[in-house]
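I have placed the structure first, in the form of structure tokens, so that the comments after it can refer back to it.
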Amino acid sequence: MFQILFYSLLFFNLSPHDQQYSDVQGRWAGHIQIGEQQLAIELLFSYSDGELDGLLDIPEQQAYNLPVEVLKADDEGLHFQFQTGTGPALFKGVWNRSEGTIAGEFEQIGQRFPFQLRKRSSVASGTPDFETELLIPTRAGQLSGSLMLQPGPAPLVILLTGSGSQDRDETVAGFRVFQTLALGLYESGYSTFRYDDRGVGLSRGNRDATLQDLAADLMDVTQYLWREYGESFSQLVYLGHSQGGLVAAIAAQERAPDALVLMGTPFLRGDLLINDQIRVLSANQGISEGVLNANLEFQERIYDVVRSGSDWSDVEDELASRLRLQLNQLPQTQRDALGEMDEFIQSQIRRQLSAAKSNWFKSFIEYEPAEGLAGLQIPLLAIFGSKDTQVSAEPNRAEAGRIASEYDLKMDIRILEGANHLFQEANTGMPGEYGMLDRSFSPGFIPLIVNWLDQLRRS
5 MFQILFYSLL FFNLSPHDQQ YSDVQGRWAG HIQIGEQQLA IELLFSYSDG ELDGLLDIPE
65 QQAYNLPVEV LKADDEGLHF QFQTGTGPAL FKGVWNRSEG TIAGEFEQIG QRFPFQLRKR
125 SSVASGTPDF ETELLIPTRA GQLSGSLMLQ PGPAPLVILL TGSGSQDRDE TVAGFRVFQT
185 LALGLYESGY STFRYDDRGV GLSRGNRDAT LQDLAADLMD VTQYLWREYG ESFSQLVYLG
245 HSQGGLVAAI AAQERAPDAL VLMGTPFLRG DLLINDQIRV LSANQGISEG VLNANLEFQE
305 RIYDVVRSGS DWSDVEDELA SRLRLQLNQL PQTQRDALGE MDEFIQSQIR RQLSAAKSNW
365 FKSFIEYEPA EGLAGLQIPL LAIFGSKDTQ VSAEPNRAEA GRIASEYDLK MDIRILEGAN
425 HLFQEANTGM PGEYGMLDRS FSPGFIPLIV NWLDQLRRS
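First residue of the sequence shown? That's 5 in the numbering used here, and the numbers climb one at a time after it.
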């Protein structure tokens with residue numbers, strides 16, 4: 005599938021007419037039609053101080069918050085672009101105000117594809133009067149977050165985000181996963197706290213944090229909340245989404261909460277989980293078994309280097325050869341647009357291996373989920389989405405069952421039919437679909453958690 009190149013992003017400001025800018029602001033969702041495939045995209049335009057700026061999400065490519073430059077916004081159309089390592093990628097659209105749509109042509113390195121966008125209805129973003137902003141000091145810096153406090157003593161649910169730099173709402177493709185969940189829990193009688201990851205919002209600390217570092221953050225947060233608001237809490241629950249469940253389990257070994265909710269959390273070790281993701285993605289894209297096996301073999305070489313701490317030169321050389329082979333298959337006009345070939349390849353090597361060289365990645369592929377769960381004598385709820393393609397339900401459910409049996413855990417394992425990794429009702433479950441779905445949970449998701457917690461509360 006055609007992939008949008010979004011490296012080396014730059015940001016520019018322009019100031020077209022105020023009225024056109026104010027009409028554009030808000031969230032837009034749609035797709036670029038690439039042959040018979042659709043690449044989902046989402047834009048957020050914001051207008052302030054006489055200027056319009058935008059952010060672009062391309063969920064299928066795991067690209068979020070890419071700065072957008074608006075070139076034109078008038079009755080004739082809306083033109084905007086974002087910078088890539090190969091120059092600007094340009095959207096030229098015709099704006100239909102009455103229908104709230106933009107349709108036109110997307111252009112990058114000489115290729116043109118039709119695109120369509122539709123404006124989404126506004127989503128309330130104000131802070132409820134029962135929500136308090138907190139700034140919590142930690143051993144690594146500070147963490148900013150939101151506390152929804154019940155008027156009387158109630159269980160406190162602390163929400164832990166997945167991997168990557170996430171805001172407290174765990175906003176993915178416009179869906180405020182944790183804000184929606186926190187409100188649902190609050191309306192059901194639970195206090196909640198959610199917080200920005202290191203380096204997001206007012207949170208501070210080294211972003212390249214291991215799972216153990218993040219668990220230390222959670223312990224600092226718990227200690228602070230219990231010291232300042234302890235009389236308001238009757239129980240403590242950790243709820244972790246994806247990687248957040250691993251972090252919650254590690255912290256639980258130091259201070260066990262009253263319960264642990266694991267929402268799309270991997271029970272496979274990190275390297276095995278990544279390999280499963282590669283298989284699922286390859287099957288979805290029709291990649292041959294030979295190419296899949298070669299990719300998995302190369303991935304294993306990366307794991308070996310990470311574990312051993314050995315030199316990266318052989319991996320970098322092989323990646324350079326792979327990239328050169330792929331680039332040589334492009335038309336000459338596209339190769340010319342990339343600039344000096346060796347420089348471009350080296351920039352891609354740095355980009356593609358940056359995560360693998362991080363402290364976080366090493367901790368992720370080496371951590372055994374069973375380690376964080378062994379010995380816990382508290383109720384656990386593990387929920388998987390049947391259409392989750394990031395943490396596949398069946399292999400992780402099976403491993404969860406094995407761990408629960410081996411360590412005699414009080415674990416309730418549930419699979420929510422038709423749900424993806426964000427627990428939306430899904431069609432394919434692929435990340436590229438997230439932005440095209442309703443920004444709401446599958447109807448049974450929040451009731452499943454609340455009913456389980458209510459039983460715990462009554463016991």
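Backbone N, C-alpha and C define an ideal beta-carbon position, used for all residues, glycine too.
Check	Outcome
Assigned secondary structure, F302 (DSSP; H/G/I helix, E/B strand, else coil)	helix
Residue range of the beta strand (DSSP E) that includes I140	E135 to T142
Between the CA atoms of A33 and R354 - distance to the nearest angstrom	31 angstroms
Per-residue DSSP class, three states only, for G114	coil
6 angstroms CB neighbourhood of S444 in its chain, flanking five on each side removed	none
Pairwise C-alpha distance: T337 and I453	54 angstroms
Alpha helix (DSSP H) segment containing L380, residue limits	Counting along the chain, L380 falls outside any alpha helix (DSSP H), and DSSP gives it neither H nor E.
Whole runs of the alpha helix (DSSP H) within the region 295 to 365, excluding any shorter than 4 residues	317 to 332, 336 to 341 and 345 to 357
Sequence-distant residues of its chain with Cβ nearer than 6 angstroms to P383 (five each side left out)	A263, K414 and L460
Reference Y438; option with closest CA among G448, F427 and P447	F427
Exposed unless 16 or more other CB atoms sit within 10 angstroms - verdict on S358	exposed
T226, DSSP secondary structure in three states	helix
In DSSP terms, what K391 is bridged to	Per DSSP, none; premise fails for K391.
Distance between A386 and L377 (C-alpha atoms, nearest Å)	12 angstroms
As assigned by DSSP and simplified to three states, the class of A431	Here residue 431 is Asn; the residue named in the question, Ala, does not match the sequence. If DSSP states are grouped into helix, strand and coil, N431 belongs with coil.
Exposure label - A287; buried when at least 16 CB within 10 Å	exposed
Short Cβ contact (7 angstroms threshold) for S148 with G205	yes
From L331, D217 and D318, residue whose alpha carbon lies closest to that of R143	D217
Enclosing alpha helix (DSSP H) for A528 [first to last residue]	The displayed coordinates of the chain run from 5 to 463. Any statement about residue 528 would go beyond what the structure contains.
DSSP three-state assignment for S50, whether helix, strand or coil	strand
Status (buried if at least 16 other CB within 10 Å, exposed otherwise) for N455	exposed
Residues near I450 by beta carbon distance below 8 angstroms, same chain, minus five either side	L185, G188, L189 and S192
Contact the region 364 to 377 vs the region 208 to 216: 3+ CB pairs below 8 angstroms	yes
P451 - containing alpha helix (DSSP H), residue span	F449 to R462
Distance, E344 Cα to E301 Cα	29 angstroms
At least 3 beta-carbon pairs within less than 8 angstroms: the region 102 to 122 vs the region 34 to 50	yes
Short Cβ contact (7 angstroms threshold) for G436 with K391	no
Burial state of F134 (16 or more Cβ within 10 Å)	exposed
Pair within 7 angstroms by beta-carbon distance, V72 and V161	no
The region 238 to 252 touching the region 160 to 175, judged by at least three CB pairs closer than 8 angstroms	yes
Backbone secondary structure at S446 - three-state DSSP	coil
T184 - containing alpha helix (DSSP H), residue span	V181 to E191
Rounded Cβ spacing between F86 and V74 (contact assumed at less than 8 angstroms)	Not confirmed; about 11 angstroms, so no contact.
Cβ pair D308, I369 closer than 7 angstroms	no
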